[in-house]
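Its first residue numbered 2, the sequence shown is counted upward by one per residue in this note's numbering.
Written below as structure tokens is the structure these notes are about.
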Amino acid sequence: MGTNLEAKSRIDYLRLLLEQHNSNYYEQDDPTISDAEYDTLFTELKALESQYPEFKIAQSPTQRVGGKASGKFPTITHSTQMLSLDNVFSEQELQDFITRIGELLRLPDPLQKTHFCAEPKLDGLALALHYTNGKLTHALTRGDGITGEDVTNNARAISDIPLTLQIDKNNPTLQKIEIRGEVYMSKKTLTELNKIQQENNQKIYANSRNFAAGTIRQLDPQIVADRKLNFYAYSAITEQPFTDSHYRMLKLLSLWGVPINPETKHLRGIKQLLNYYQRIHQKRSKLAYDIDGIVYKLDNINLQQIAGTTQRAPRWAIAHKFPAEQAISIIQSIDIQIGRTGVLTPVARLEPTIVGGVTISNATLHNLDEIERKDIRPLDEVFIRRAGDVIPEVVKLVDPNRTPNSPPFTIPDNCPSCANPVTREQQQAHFRCTAGANCPAQLYQSICHFISRKAMAIDGLGKQRIQQLLEQKLITNAADLYTLSQEQLSELPKMKEKSINNTITSIAQSKNTSFSRFIYAIGIHEVGEITAQNLAQTIEAQISSPPKEHSQKCLDALLSISTEQLIDIEDIGPTVAQSIYQFTHKQENQRFLQQCLDNGIQWKKSTINTENQLLKGKTIVLTGTLQSMGRELAKQKLQALGAKVTTSVSPTTDIVIIGENAGSKATKAEKLNLPIWDENEFLKNINQS
Ligand code: IVH
2 MGTNLEAKSR IDYLRLLLEQ HNSNYYEQDD PTISDAEYDT LFTELKALES QYPEFKIAQS
62 PTQRVGGKAS GKFPTITHST QMLSLDNVFS EQELQDFITR IGELLRLPDP LQKTHFCAEP
122 KLDGLALALH YTNGKLTHAL TRGDGITGED VTNNARAISD IPLTLQIDKN NPTLQKIEIR
182 GEVYMSKKTL TELNKIQQEN NQKIYANSRN FAAGTIRQLD PQIVADRKLN FYAYSAITEQ
242 PFTDSHYRML KLLSLWGVPI NPETKHLRGI KQLLNYYQRI HQKRSKLAYD IDGIVYKLDN
302 INLQQIAGTT QRAPRWAIAH KFPAEQAISI IQSIDIQIGR TGVLTPVARL EPTIVGGVTI
362 SNATLHNLDE IERKDIRPLD EVFIRRAGDV IPEVVKLVDP NRTPNSPPFT IPDNCPSCAN
422 PVTREQQQAH FRCTAGANCP AQLYQSICHF ISRKAMAIDG LGKQRIQQLL EQKLITNAAD
482 LYTLSQEQLS ELPKMKEKSI NNTITSIAQS KNTSFSRFIY AIGIHEVGEI TAQNLAQTIE
542 AQISSPPKEH SQKCLDALLS ISTEQLIDIE DIGPTVAQSI YQFTHKQENQ RFLQQCLDNG
602 IQWKKSTINT ENQLLKGKTI VLTGTLQSMG RELAKQKLQA LGAKVTTSVS PTTDIVIIGE
662 NAGSKATKAE KLNLPIWDEN EFLKNINQS
């Protein structure tokens with residue numbers, strides 16, 4: 002931030018945005034941005050406020066908790082303020098937090114020796130339950146932290162919330178007890194209820210928190226009962242403390258019949274906290290409910306009281322959030338990338354920004370329809386997302402009401418690489434350059450595909466080298482790679498002897514391949530690995546010539562295959578058949594394929610024993626999430642055993658494999674009385690072969 006004035010205007014802007022989002026979240030239960038996006042804005046505002054303390058104000062969203070009451074329920078003042086939690090996002094920040102508590106409380110060696118109670122941070126809504134002589138008397142939402150809404154009748158309809166505590170009624174300390182915790186909705190319930198909402202043409206909830214929050218504010222407790230909310234307690238308040246350890250307090254609550262999170266742990270020292278964080282992070286997707294981090298609380302309740310609270314959060318607890326996979330960046334320009342099949346993909350060139358620990362400078366914008374729908378233009382401030390290995394993408398504008406600083410993006414009439422006309426296929430989102438290998442960009446992409454790991458696997462060559470080889474006219478197509486000499490390679494910049502030798506060796510090694518890899522490598526539109534395997538298998542099954550002639554016979558058969566024959570092959574429909582036919586009947590492609598063989602590419606007949614295929618001819622549907630492997634790998638394993646994997650359940654389906662959180666397909670399979678495999682059964686069967 003350059004000047005104070007700029008900082009002030011950014012602070013005002015962020016406050017306004019956050020206020021609007023707070024109202025959407027707490028009052029309408031209808032947020033328009035994700036928690037990660039909210040955290041990004043919040044963290045930026047907090048950082049600016051600490052850098053420019055002169056602009057700090059008590060009314061800032063960083064200083065307050067929650068939203069206004071809806072007016073539907075009577076409001077009651079909380080016994081003590083219902084606070085929020087401060088967040089940390091990194092190991093360093095966690096270390097700073099512990100060091101801070103250590104200094105505040107004069108703890109010896111705080112990083113190694115301090116005891117904490119750790120729990121997953123549930124993504125639900127806070128509820129305070131008041132019990133008198135063990136009976137539930139009232140239940141309050143958090144509201145603005147000072148007063149909450151009285152939703153007692155609704156709390157009674159949540160089966161996890163005990164109406165009576167199993168406590169010693171003669172213990173005066175427990176006569177009045179307030180239990181605070183989180184109401185949440187399981188992922189499974191969210192899916193089931195959204196399905197019903199959809200059938201009734203009602204609002205679909207983006208996440209379980211919103212659904213839970215919307216439910217707790219229903220006026221009819223029967224609706225609450227039907228929506229199967231859950232509850233986990235995270236603290237208890239009594240006039241006199243009944244234990245000195247937070248962890249023991251939660252264990253006692255559990256003894257009294259109040260559910261606490263089974264992952265709750267008593268830990269000592271930062272190392273244990275970080276191990277716990279990693280373990281739960283890895284387990285996150287398998288948990289039955291949504292969480293967005295870990296909460297660590299100083300275990301010693303006396304020390305908690307000494308540490309006290311700030312206006313907004315306790316000093317003795319912290320939320321360690323899982324890394325945001327979203328961040329804010331600015332679009333510097335929108336460029337067009339041309340894929341190997343000629344599709345024009347708009348790409349956002351971004352101000353380099355760290356997302357989940359990785360610097361992102363480019364993000365896909367998918368296609369023109371997407372850009373128009375999101376109204377994304379150069380110079381816009383946008384949320385960007387990156388989840389694991391997924392290609393980074395632009396999610397949306399930070400401020401949908403901004404005044405644009407540039408005209409809307411358009412797709413050019415001519416290909417930016419070869420200047421040939423760009424066409425849009427009917428009812429397709431994509432624009433395409435149809436110049437094929439005559440378009441330098443497509444040629445480059447198709448050679449990159451040709452050398453890739455699942456294709457010819459030439460690992461001694463990278464994309465940059467391909468670019469150089471093309472620029473220096475040392476190759477004009479992928480087949481030319483096989484005639485490259487050491488002298489030619491030495492013309493490339495920074496090519497040392499060792500890497501020249503490696504490249505020559507890896508090109509030579511790739512000559513011995515399989516027919517299916519070769520088919521995949523030549524990059525026929527719509528032909529992926531599996532289709533290539535099916536096509537290769539079908540052709541090879543019909544060929545019985547001496548090994549020396551095998552590759553040539555396969556190629557001849559591929560070049561003369563008819564669309565009727567193609568349609569008969571597993572997984573190949575009319576569109577794919579047409580695409581293969583068109584490719585193999587173009588003279589220039591035929592020349593290229595022959596050149597590949599003439600330059601030494603060859604393969605032996607593959608030895609798949611189709612007789613032993615355990616699932617031969619079976620139609621199988623996969624639904625839900627498998628713990629042991631991704632859907633694509635599971636599909637490939639089934640196909641290798643001869644199964645046909647389809648997406649919709651019908652009476653002709655032979656087996657339905659059901660993973661976690663399976664939805665309507667599982668219900669349909671049950672209704673149709675189809676054989677169902679769970680994950681164990683699936684693993685047993687694929688491992689038998
Ligand atoms: S402890 C005094 N433990 O997160 C603070 N809070 O963002 C007591 N939350 O207001 C909070 N899971 O509603 C605590 N295991 C957990 C939690 C948890 C979710 C909520 C809670 C809090 C909010 C702060």
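For each residue, glycine too, the CB sits at the ideal point set by N, CA and C.
In this text, all values refer to a predicted model and were calculated from it rather than measured experimentally.
Asked, Found
"Taking only the alpha-carbon atoms, compute the straight-line gap between Q312 and G529 and give it to the nearest angstrom.", "58 Å"
"Can you tell me where the alpha helix (DSSP H) with R425 in it begins and where it stops?", "Note, R425: premise wrong, no alpha helix (DSSP H); beta strand (DSSP E) at V423 to R425."
"Counting only the same chain and skipping the five closest in sequence on each side, list residues whose C-beta sits under 6 Å from that of L493.", "Q469"
"Taking the straight line between their C-alpha atoms, what separation do you get for I355 and A328?", "7 Å"
"How would you write the range of the alpha helix (DSSP H) that A283 sits in, first residue to last?", "Per the sequence presented here, residue 283 reads as Gln, with Ala not at that position. Element bounds for Q283: G270 to K284."
"Report yes if the C-beta distance between F1 and I12 is below 8 Å; otherwise report no.", "Missing from the structure shown is residue 1; the chain here goes from 2 to 690 and no further."
"In or out: D481 buried (at least 16 other Cβ within 10 Å) or exposed?", "buried"
"Does the beta-carbon of P347 have 16 or more other beta-carbons within 10 angstroms, so that it is buried, or is it exposed?", "buried"
"In chain order, which continuous runs of the alpha helix (DSSP H) of length 4 or greater are located wholly inside the stretch 571 to 632?", "575 to 585 and 588 to 599"
"Can you tell me whether H247 is helix, strand or coil according to DSSP?", "helix"
"The alpha helix (DSSP H) with E530 in it runs from where to where?", "E530 to A542"
"Is it buried or exposed for H586, if we count other Cβ within 10 angstroms and need 16 for buried?", "exposed"
"Mind checking whether the beta-carbon of Y235 lies closer than 7 Å to any heavy atom of the ligand IVH?", "yes"
"Run through DSSP, which three-state label would S80 get?", "coil"
"Please say whether V259 and I159 have beta carbons closer to each other than 8 Å?", "no"
"Report the partner residues of K554 according to the DSSP bridge assignment.", "Per DSSP, none; premise fails for K554."
"Which same chain residues end up closer than 6 Å to N154 when comparing Cβ atoms and leaving out the 5 residues on each side of it in sequence?", "P222"
"Could you give the first and the last residue of the continuous beta strand (DSSP E) run that contains S362?", "V359 to T365"
"Go through its chain and collect everything with a Cβ distance to T576's Cβ below 7 Å, but skip five positions before and after it.", "E527"
"Between the alpha carbons of T504 and D460, how many angstroms are there, rounded?", "8 Å"
"F90 and K464 look like a contact to me (Cβ under 8 Å); what is the Cβ gap, rounded to whole Å?", "In fact, because the Cβ distance is near 33 Å, the residues do not count as touching under 8 Å."
"For the alpha helix (DSSP H) that R387 lies in, which residues bound it at each end?", "No alpha helix (DSSP H) holds R387; DSSP gives it neither H nor E."
"Could you compute how far the alpha carbon of N600 sits from the alpha carbon of H551?", "15 Å"
"Do V296 and the ligand IVH come close, with the Cβ less than 7 Å from some heavy atom?", "yes"
"Measuring CA to CA, which of I392, G125, S255 and E682 is closest to S85?", "G125"
"So, do the stretch 300 to 316 and the stretch 99 to 106 have three or more beta carbon pairs nearer to each other than 8 Å?", "yes"
"What separation, rounded to the nearest whole angstrom, lies between the Cα atoms of L141 and N202?", "31 Å"
"For C118, does the three-state DSSP call read helix, strand or coil?", "strand"
"Looking only at its chain, what residues have a beta carbon closer than 8 Å to the beta carbon of L684, apart from the 5 residues adjacent to it on each side?", "S629"
"Measuring only the C-alpha atoms, how far is Q595 from F584?", "14 Å"
"Would you say I523 and I581 are within 8 Å of each other, going by their C-beta atoms?", "no"
"So does E120 have its beta carbon nearer than 7 Å to some heavy atom of the ligand IVH?", "yes"
"Mind checking whether Y278 and I295 have CB atoms under 8 Å apart?", "yes"
"Taking the alpha carbon of T624 as the reference point, which residue from R632, L254 and C555 has its own alpha carbon closest?", "R632"
"Can you grab the Cα-Cα spacing for the pair L194 / I34, in whole Å?", "21 Å"
"Verify whether the separation of the beta carbon atoms of I147 and T78 is less than 8 Å.", "yes"
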